[in-house]
Amino acid sequence: MIERIDPRIVEEAHYRLLALLQNEPGLSQREMAERLGVSLGKVNYCMRALIEKGWLKAENFRRSSNKRAYLYKLTPSGLREKAALTLRFLRRKEEEHDALVQEIARLKEELGASQD
């Protein structure tokens, strides 16, 4: 049986990769993997997906001594999608924050009640 990956996990991976490449388009996939704390294979898989969706374009980096080096650029649709992903990511993190604040308050109440 094949397990489906939670779309939120995929979305977060795409967001983090697009954000990284928007700021540092000349990173190698190995450097991306190190910065994101994931395997090189996962970065390669995500990069292919982003290129296939038309959100990212890979160009040979001619001035590089490594002729296999690429410059990764977000396409206009990639920039729009990154903005939408940023908004969804922010909303999700705010929801997680609110839930965490509520849980902390509940735990403090529980501790207070048990110490009485």
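Every position in the sequence shown, counted from 1, becomes a number in the numbering used here once 52 is added.
For every residue, glycine included, the Cβ atom is placed at its ideal position computed from N, Cα and C.
Original post:
Taking the alpha-carbon positions, what's the K109 to L159 distance?
Top reply: Rounded to whole angstroms, the separation of the alpha carbons of L159 and K109 is 48 Å.
Subject >> Start-to-end residues for the alpha helix (DSSP H) that takes in E147 >> reply: Per DSSP, E147 belongs to the alpha helix (DSSP H) from P128 to Q167.
Original post:
Are the beta-carbon atoms of C98 and A65 separated by less than 7 Å?
Top reply: Yes; because the gap between Cβ atoms is below 7 Å, this pair is in contact.
Original post:
Would L79 be called buried (16 or more neighbouring beta carbons within 10 Å of its own) or exposed?
Top reply: Answer is buried; the Cβ neighbour count reaches 16.
Original post:
Which of helix, strand or coil does DSSP assign to L102?
Top reply: In the three-state reduction of the DSSP assignment, L102 falls in the helix class, which pools H, G and I.
**OP:** Have a look at F141 and Y67 and give me their C-alpha separation to the nearest angstrom.
**Re:** Taking the Cα positions, F141 is about 8 Å away from Y67.
Subject >> Assigned secondary structure, A121 (DSSP; H/G/I helix, E/B strand, else coil) >> reply: Here A121 sits in coil by DSSP.
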